[in-house]
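Engineer: Numbering (mature numbering (1 follows the signal peptide of the UniProt record, and there is no 0)), first residue to last: -29 to -1, 1 to 600.
Don't be surprised by glycine CBs; every beta carbon is placed ideally from N, CA and C.
1. Find out if the Cβ-Cβ distance for the pair residue 110, residue 90 is shorter than 8 Å.
2. Relative to the C-alpha of residue 446, which residue among 327, 457, 198, 74 is closest?
3. Do residue 114 and residue 167 have their C-beta atoms closer together than 8 Å?
4. Can we say the stretch 331 to 339 touches the stretch 16 to 29, given the rule of at least three CB pairs closer than 8 Å?
5. With a Cβ-Cβ cutoff of 8 Å, do residue 117 and residue 160 count as a contact?
6. If I measure Cβ to Cβ from residue 351 and keep anything under 6 Å in the same chain, skipping five residues before and after, which residues do I get?
7. Relative to the alpha-carbon of residue 513, which residue among 551, 390, 464, 178 has its alpha-carbon at the smallest distance?
8. Use the C-beta contact count for residue 321: other C-beta atoms within 10 angstroms, 16 or more gives buried, fewer gives exposed.
9. I need the straight-line Cα distance from residue 383 to residue 531, nearest angstrom please.
10. Can you list, in chain order, the residues of its chain whose CB lies under 7 Å from that of residue 76, leaving out five sequence neighbours each side?
11. Return the first residue and the last residue of the beta strand (DSSP E) that residue 35 is part of.
12. Are the beta-carbon atoms of residue 286 and residue 302 separated by less than 8 Å?
13. Comparing C-alpha positions only, which one of 336, 600, 507, 451 sits nearest to residue 19?
14. If you reduce the DSSP assignment to three classes, tell me which class residue 302 lands in.
15. In this structure, how does DSSP classify residue 85 when only helix, strand and coil are distinguished?
16. Where does the unbroken beta strand (DSSP E) through residue 164 begin, and where does it stop?
17. Going residue by residue through the stretch 182 to 259, where are the continuous alpha helix (DSSP H) segments of at least 4 residues, counting only ones entirely within it?
18. Verify whether the separation of the beta carbon atoms of residue 284 and residue 213 is less than 8 Å.
19. With burial defined as no fewer than 16 other Cβ atoms inside 10 Å of the residue's Cβ, what is the status of residue 288: buried or exposed?
20. Per DSSP, what are the beta-bridge partners of residue 430 in this structure?
21. Put residue 39 into one of helix, strand or coil per three-state DSSP.
22. Ordered along the chain, which non-local residues of its own chain (more than five positions away) have a Cβ less than 8 Å from that of residue 207?
23. How would you write the range of the alpha helix (DSSP H) that residue 515 sits in, first residue to last?
24. Pick helix, strand or coil for residue 464, following the three-state DSSP scheme.
25. With a 10 Å radius around its C-beta and 16 neighbouring C-beta atoms as the bar for buried, classify residue 222 as buried or exposed.
26. Distance, Cα to Cα, residue 252 vs residue 258?
27. Could you say which of 307, 424, 461 lies nearest to residue 370 if we only look at CA atoms?
28. What three-state label does DSSP hand residue 592 in the structure shown?
29. Which same chain residues, not among the five before or five after residue 347, have their C-beta less than 8 Å away from its C-beta?
30. State the Cα-Cα distance for the pair residue 482 and residue 516, rounded to the nearest angstrom.
31. Closer than 8 Å by C-beta to residue 153: which residues in its own chain qualify, once you throw out the five before and the five after it? Chain order, please.
32. Identify whether residue 312 lies in helix, strand or coil by the three-state DSSP scheme.
33. Please name the residue or residues paired with residue 129 in a DSSP beta bridge.
34. Could you tell me the boundaries of the alpha helix (DSSP H) in which residue 549 lies?
35. Shortest alpha-carbon distance to residue 580 belongs to which of 256, 246, 42, 555?
36. Is the stretch 140 to 152 close to the stretch 429 to 437, with three or more CB pairs under 8 Å?
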């Protein structure tokens, strides 16, 4: 009898200890989320939105504790072959989600003492050195938090074929030569492909392996992700295709091949990627394999930078946010070639959510809806206003126009500021009204109301968005938390429509001059009455018109992403310099007569000065073969 009682007591003790030792998130998840609940919610969303948003295919995978709770494909991975989206088989591109994986690889090397979060990264780059902003060193911490102050990366980031890609080190060596940092490190959040691409290079330098080799050995194999790869063969039958819906039908999109795979090159099978979420929710372990120590996992998930002390900020490889039910969400998104993906971890309940679609039409609308729909099933405390009453302030000081133009300040692509957009802020009683095209993927001009929750910090009324206003060097800035920081517009000449108007308007003037000159030349040919300078004027106008036509039809499109071929960069982009040279020649020839007041000479000199000023304008915006910056 004593033995029986002892055995019962021992079993009770073991059960109690198992409950205490079992991760709290796993226990909570088992009680709060069922596969049937998830399926009901996701099915509803997909039924409502896939056709409306023109999404050919989607996959959703949800993990709970150390297992996959729910996994389901919707629609097609390949419309032409009618291949269904299969989360256990379909290989799909997830773009920038690899940044979280690259951060994980870097933190492995931090644990081993091969990288240091706070040292100048130039210590690890024997092949080349990156330029600094005013001598301030850039650290791995800066790169992982997107605060290194790097210039926007646009030019030549992709290649049309895998064989045409170059190594990340070679690419970044060229990038830093032409595009040095633009602000002090640690000063401002600015999402950076160059930054995480550089982290991938640091992993290579510290490990002595290529990034692909390192990932295979230290990330993908321990997490049982045999099909994960930083490059993809689009000819494989299980590779998903992406589409854009236009003119009433789906059109397939071509694949690009990125020169910085550590920033956007990952391809995965959804059910295998679930292992990555499980690892981060299980203190860095997957089925007995330890990828990171629990302390490192905590460091990656904790707040490492925030635009304001009261906002969630971001860790290493994860953005932090609060769901409507008050639960902390760690997340990251990815977009490439029409594929869009989102990963969200809810640590308090041990839940991981992965959603991916193959459509270029919907932005992240359906991804956010799925993540929020699943997350809000979980119990929590609804988010309210920040504790306490914000200090009274004059909201009229924020009444300004702010310009969104996430463009490079150096090299090709600076001219993209012509296509920027503005946000107008007005005080409305005790709130602010902001009007513009918001970074939510809708592309529509909208008006939102924000109420103050702290000095300079405002919360979207009825939404999760937060904005923050502050001054730097006497200039006001508006930050969409976790998105972008914008400068105030201080003059008419900074308006995107003004810049674009000068660019296109002067081009139209040159087209008109060309037409008039050709008509005059045609008439003069038969009358044999040539006026001085008409051939030079015709040549100048023709050079500008040829340049603009090719720039608008070719140079302004995706060739920025893939880089200009030599014939274009050195040939076409030099045409305005030739036109300016002809302008100088005309000024020399006609200047003396113009000073004497001869009308025809004054007209020729005016056209010559137009050629010089327009070339200077194109030069300043880095549209020519030689750049201003």
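Structural biologist: Once the coordinates are examined:
1. yes
2. 457
3. yes
4. yes
5. yes
6. 296, 297, 298
7. 551
8. buried
9. 7 Å
10. 174, 185, 186, 189, 190
11. 28 to 35
12. no
13. 336
14. strand
15. coil
16. Note, residue 164: premise wrong, no beta strand (DSSP E); alpha helix (DSSP H) at 164 to 178.
17. 182 to 186, 232 to 235, 241 to 252
18. no
19. buried
20. 422, 437
21. strand
22. 62
23. 505 to 521
24. helix
25. exposed
26. 12 Å
27. 461
28. coil
29. 294, 295, 296
30. 6 Å
31. 104, 120, 121, 122, 380, 381
32. strand
33. 229
34. 546 to 566
35. 555
36. no
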